[in-house]
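Visitor: What follows is a structure written as structure tokens; I'll ask about it next.
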Amino acid sequence: MQKTTEKKDTDLNDIMTMADNPEVIAFSGGLPDPALFPEKALAQAYQKAISQDRGVFQYHSAQGNLQLRQQLANRCQKDGQINAQAENVLITQGGQQAITLIAEMVLSKGCGIAVESPTYLGALNVFDQYQPNYYQIPLDENGMEIDKLAEQLELHPEIKLIYTVPDFQNPTGTSMSLTRRKQLADLAAKYQVYVLEDSPYRDLTYTGSQLPTIKSFDQTGHVIFISSFSKILSPALRTGWVIAASDVIGKLTELKAASDLCSPEITQRSICCYLTDNSLDQHIAQLCQNYQKKQKVMLGAIKDYFPSWAKATSPKGGFFIWVELPEKLDAGKLLIESVLPKYQVCYVPASAVYAGASKKNGFRLSYVGNSPDKIVEGIKRLGTCLKHV
Ligand SMILES: Cc1ncc(COP(=O)(O)O)c(C=O)c1O
Numbered sequence: 001m002q003k004t005t006e007k008k009d010t011d012l013n014d015i016m017t018m019a020d021n022p023e024v025i026a027f028s029g030g031l032p033d034p035a036l037f038p039e040k041a042l043a044q045a046y047q048k049a050i051s052q053d054r055g056v057f058q059y060h061s062a063q064g065n066l067q068l069r070q071q072l073a074n075r076c077q078k079d080g081q082i083n084a085q086a087e088n089v090l091i092t093q094g095g096q097q098a099i100t101l102i103a104e105m106v107l108s109k110g111c112g113i114a115v116e117s118p119t120y121l122g123a124l125n126v127f128d129q130y131q132p133n134y135y136q137i138p139l140d141e142n143g144m145e146i147d148k149l150a151e152q153l154e155l156h157p158e159i160k161l162i163y164t165v166p167d168f169q170n171p172t173g174t175s176m177s178l179t180r181r182k183q184l185a186d187l188a189a190k191y192q193v194y195v196l197e198d199s200p201y202r203d204l205t206y207t208g209s210q211l212p213t214i215k216s217f218d219q220t221g222h223v224i225f226i227s228s229f230s231k232i233l234s235p236a237l238r239t240g241w242v243i244a245a246s247d248v249i250g251k252l253t254e255l256k257a258a259s260d261l262c263s264p265e266i267t268q269r270s271i272c273c274y275l276t277d278n279s280l281d282q283h284i285a286q287l288c289q290n291y292q293k294k295q296k297v298m299l300g301a302i303k304d305y306f307p308s309w310a311k312a313t314s315p316k317g318g319f320f321i322w323v324e325l326p327e328k329l330d331a332g333k334l335l336i337e338s339v340l341p342k343y344q345v346c347y348v349p350a351s352a353v354y355a356g357a358s359k360k361n362g363f364r365l366s367y368v369g370n371s372p373d374k375i376v377e378g379i380k381r382l383g384t385c386l387k388h389v
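Position 15 (the sequence shown) corresponds to 15 in full-length UniProt numbering; numbering is contiguous.
Shown next as structure tokens:
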């Protein structure tokens, strides 16, 4: 839970480049399985949107298409138990732009930010631009340890933002318990700190039911919820959304307008057509079925081939499994010196996902993008490598 501002030693681009070789079995990327993109339905949706009127080729409002905002507000009321209207929704170019805009609104050079330890590396890349003081809050099987967060908030009034991925967290796959969700919303109100609730994996719940969002417990407008179509439809849509109090949406809309004027209308209207003519829930159910099978295969292979000292999480949804190694092992060094060149496997090492590369003994595996055979082969190779360290 230490404060740190040092630079990470491995970044997203390096990892993506390393995994580019077709011989490599890449468990590194958070990329959905391309075989599951609903390409026919999306092609029909684009065709329909284009045939509606020429407005799809025009500039439009920075806040985003009204019909899409309404559809998202309705979905949020149903699934996230958030009392949102279209005015509470901002359409962004993926969740990544939402993180960027919120960081721009809240952070300034040298301010404090509380993040889960570990956390999503793409968010760290955004936050790093502000050279903040990171307060790293440990995670257990119930998500961010809220009592530790409370201690840091009490000690450090310069903390301006709390960043959390409460559902099937990237990179560990853990989810925040119901009690902690309520406690976090209460802390945000007490300390007047914004919470960025980033939840792109929420819909990919394989077993059990979804927990209410943190936003659903927000009484004071301090919780900002974001999500995206990237993991449930296609990342190429580059469409995400923010749900927040109207004044927050107003500020973020100004920043969005300054950044890129507006998201492409043609994409937004095509998504509206897709949502009207198809069942997104049915599509998500297919994704869950496929991804759950692959997760089972990966966990089975880990059991068969990894040394018993490598401890893997067993999430109930999402894309990722986290493997904890003994403290003395540096997963980044191992990746560059052995895993990649000798065994031709790739993962995301701990140093990329801890603020300031403060921990090195772990790695993230994504199971969604490879076939079951490749998963077994890759885990077998990785297991052989681990047994030789
Ligand atoms: C936790 C989290 N947030 C945000 C994103 C950004 O995704 P996108 O911009 O494609 O919506 C990702 C992508 O992997 C992610 O894992």
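From the three backbone atoms N, C-alpha and C, an ideal C-beta is built for every residue, glycine too.
1) State the beta-bridge partners of D373 as determined by DSSP.
2) Could you tell me whether the Cβ atoms of Q93 and D198 are closer together than 8 Å?
3) Is there at least one non-hydrogen atom of ligand 1 closer than 7 Å to the beta-carbon of Q96?
4) Who are the near neighbours of Y140 in its chain, counting only those whose CB is closer than 8 Å to its CB and skipping five residues on each side?
5) Who pairs with N170 in a beta bridge, going by DSSP?
6) Roughly how many angstroms lie between the CA atoms of Q85 and G95, to the nearest whole one?
7) Just checking D304 against ligand 1 - is the residue's beta carbon closer than 7 Å to any of the ligand's heavy atoms?
8) Kindly list the residues whose CB is nearer than 8 Å to the CB of D167, restricted to its own chain and excluding five residues on each side of it in sequence; keep chain order.
9) Compare the Cα-Cα distances from T239 to each of K160, Q268, K251 and report the closest residue.
10) Please say whether P118 and A350 have beta carbons closer to each other than 8 Å?
11) With a threshold of 16 other CB atoms inside 10 Å of the CB of E6, please say whether the residue is buried or exposed.
12) Do S270 and A49 count as a contact pair if the criterion is CB distance below 8 Å?
13) How many whole angstroms separate the CB atoms of V368 and Y291, which I take to be in contact at a CB cut-off of 8 Å?
14) Would you please state the rounded distance, in angstroms, between the beta carbons of L72 and V89? I believe it to be under 8 Å.
15) Quick one: is E116 buried, meaning 16 or more other Cβ sit within 10 Å of its Cβ, or exposed?
16) In the DSSP assignment, find the unbroken alpha helix (DSSP H) run with E151 in it and report its ends.
17) Should V165 be counted as a contact of ligand 1 given a C-beta to heavy atom distance under 7 Å?
18) Quick test of your reading: K360 and A331, contact by CB under 8 Å. State the CB separation rounded to the nearest angstrom.
19) Would you say Y347 touches ligand 1, meaning its beta carbon is less than 7 Å from a heavy atom?
20) Out of L233, Y305, L334, H388, point me to the one whose CA is closest to L31's CA.
21) Are the Cβ atoms of I82 and I224 separated by less than 8 Å?
22) Since residue 404 and D218 should fall inside the 8 Å C-beta cutoff, what is the C-beta to C-beta distance between them, to a whole number of angstroms?
23) Please report the straight-line C-alpha distance between A123 and T17, rounded to a whole angstrom.
24) Do you know how far the Cα of H156 is from the Cα of T276?
25) Going by the DSSP bridge assignment, what does R364 pair with across the sheet?
26) Just the C-alpha distance for I214 and P341, rounded to the nearest angstrom, thanks.
27) Between the Cα of H222 and the Cα atoms of E377, C111, I249, which residue gives the shortest distance?
28) Under 8 Å, do V345 and V24 count as touching if we go by C-beta distance?
29) Closer than 7 Å by C-beta to V126: which residues in its own chain qualify, once you throw out the five before and the five after it? Chain order, please.
30) Using only the alpha-carbon positions, how far apart do P307 and L280 sit?
31) Run the proximity test for D260: is its beta-carbon closer than 7 Å to any non-hydrogen atom belonging to ligand 1?
32) Hey, would you say the C-beta of D198 is under 7 Å away from at least one heavy atom of ligand 1?
33) Quick one: residues in its chain with C-beta nearer than 6 Å to the C-beta of Y46, no 5 flanking neighbours on either side, listed in chain order?
34) Evaluate K387 with the Cβ neighbour count: other Cβ atoms within 10 Å of its Cβ, from every protein chain shown; 16 or more gives buried, anything less gives exposed.
35) Give me the Cβ distance between L325 and G362, rounded to the nearest whole Å; I'm assuming they're in contact under 8 Å.
Guide: Working from what's here:
1) For the purposes of this step, residue 373 is identified with residue 373 of the sequence shown, where counting begins at 1. According to DSSP, D373 bridges with nothing at all.
2) On the sequence shown, position 93 is the one that residue 93 refers to. On the sequence shown, position 198 is the one that residue 198 refers to. No, they are not a contact pair.
3) Indexing the sequence shown from 1 puts residue 96 at position 96. For ligand 1, at least one heavy atom lies less than 7 Å from the Cβ of Q96.
4) Taking the sequence shown and counting its residues from 1, one reaches residue 140 at position 140. Rather than Tyr, the amino acid found at residue 140 in this sequence is Asp. The residues are T174.
5) By one-based count along the sequence shown, residue 170 stands at place 170. According to DSSP, which records beta bridges pairwise, N170 is partnered with nothing at all.
6) Here the question's residue 85 lines up with position 85 in the sequence shown. Here the question's residue 95 lines up with position 95 in the sequence shown. One C-alpha to the other measures close to 19 Å.
7) Here residue 304 corresponds to residue number 304 of the sequence shown, with the count starting at 1. For ligand 1, not one heavy atom lies less than 7 Å from the Cβ of D304.
8) For the purposes of this step, residue 167 is taken as the residue at position 167 of the sequence shown. Once the five neighbours on either side are set aside, the close Cβ partners of D167 are S175, M176, S199, Y201, R202, T205, Q210, L211, G317, G318.
9) To locate residue 239, count along the sequence shown from 1; it is residue 239. Minimum Cα distance to T239 is reached at Q268.
10) Numbered from 1 along the sequence shown, position 350 holds the residue referred to as residue 350. Numbered from 1 along the sequence shown, position 118 holds the residue referred to as residue 118. Against a cut-off of 8 Å, the Cβ pair of P118 and A350 comes out as a contact.
11) Locating residue 6 in the sequence shown gives position 6, counting from the first residue. Caution is warranted here: a pLDDT of 49 is assigned to E6, below 50, making its placement in the model unreliable, and the coordinate value is therefore given only provisionally. Exposed, since its Cβ has fewer than 16 Cβ neighbours within 10 Å.
12) Against the sequence shown, residue 49 aligns to sequence position 49. Against the sequence shown, residue 270 aligns to sequence position 270. Yes, they are a contact pair.
13) By 1-based counting over the sequence shown, the position of residue 368 is 368. By 1-based counting over the sequence shown, the position of residue 291 is 291. Their Cβ separation, rounded to whole angstroms, is 5 Å, which keeps V368 and Y291 in contact under 8 Å.
14) Locating residue 72 in the sequence shown gives position 72, counting from the first residue. Locating residue 89 in the sequence shown gives position 89, counting from the first residue. The Cβ separation is near 5 Å, so the contact holds.
15) Within the sequence shown, the letter at position 116 stands for residue 116. Per the 10 Å Cβ criterion, buried.
16) Within the sequence shown, residue 151 is the residue found at index 151, counting from 1. Counting along the chain, the alpha helix (DSSP H) containing E151 begins and ends at 146-155.
17) In the sequence shown, residue 165 corresponds to position 165, counting from 1. Flag set: Cβ of V165 near ligand 1.
18) As a working mapping, residue 360 is identified with position 360 in the sequence shown. As a working mapping, residue 331 is identified with position 331 in the sequence shown. Right, the Cβ-Cβ distance comes to about 6 Å (below 8 Å), so this counts as a contact.
19) Here the question's residue 347 lines up with position 347 in the sequence shown. No, ligand 1 has no heavy atom inside 7 Å of this Cβ.
20) Here residue 31 refers to the residue found at position 31 when the sequence shown is read from its first residue. Residue L233 is the option with its Cα nearest to L31.
21) Translated into the one-based positions of the sequence shown, residue 82 becomes position 82. Translated into the one-based positions of the sequence shown, residue 224 becomes position 224. No, Cβ-Cβ distance for I82 and I224 is not below 8 Å.
22) The question about residue 404 has no answer here: the residues shown for the chain are numbered 1 through 389.
23) Position 123 of the sequence shown, counted from the start, is the residue given in the question as residue 123. Position 17 of the sequence shown, counted from the start, is the residue given in the question as residue 17. A123 and T17: Cα-Cα distance of roughly 19 Å.
24) Stepping through the sequence shown from its first residue, residue 276 is reached at position 276. Stepping through the sequence shown from its first residue, residue 156 is reached at position 156. So the alpha carbons of these two residues sit roughly 47 Å apart.
25) The residue given as residue 364 occupies position 364 in the sequence shown. The partner list for R364 (beta bridge, DSSP) reads W322, V348.
26) Counted from its first residue, the sequence shown places residue 214 at position 214. Counted from its first residue, the sequence shown places residue 341 at position 341. Each residue's Cα considered, the two are about 43 Å apart.
27) In the sequence shown, residue 222 corresponds to position 222, counting from 1. Answer by Cα proximity: I249.
28) By 1-based counting over the sequence shown, the position of residue 345 is 345. By 1-based counting over the sequence shown, the position of residue 24 is 24. It is a contact, given that the beta carbons lie within the stated cut-off.
29) To locate residue 126, count along the sequence shown from 1; it is residue 126. Cβ within range, chain order: I99, T100, A103.
30) Numbered from 1 along the sequence shown, position 307 holds the residue referred to as residue 307. Numbered from 1 along the sequence shown, position 280 holds the residue referred to as residue 280. Going by the C-alpha atoms only, they are around 40 Å apart.
31) What you label residue 260 is simply residue 260 of the sequence shown in a count that begins at 1. False, no ligand heavy atom lies under 7 Å from that Cβ.
32) Looking up residue 198 in the sequence shown gives position 198. For ligand 1, at least one heavy atom lies less than 7 Å from the Cβ of D198.
33) Sequence index remark: in the sequence shown, residue 46 carries index 46 (1-based). Same-chain partners within the cutoff: S270.
34) Counted from its first residue, the sequence shown places residue 387 at position 387. It is exposed - the Cβ of K387 has fewer than 16 other Cβ atoms within 10 Å.
35) Residue 325 sits at position 325 when you count from the first residue of the sequence shown. Residue 362 sits at position 362 when you count from the first residue of the sequence shown. The pair is a contact, with the Cβ atoms about 6 Å apart (cut-off 8 Å).
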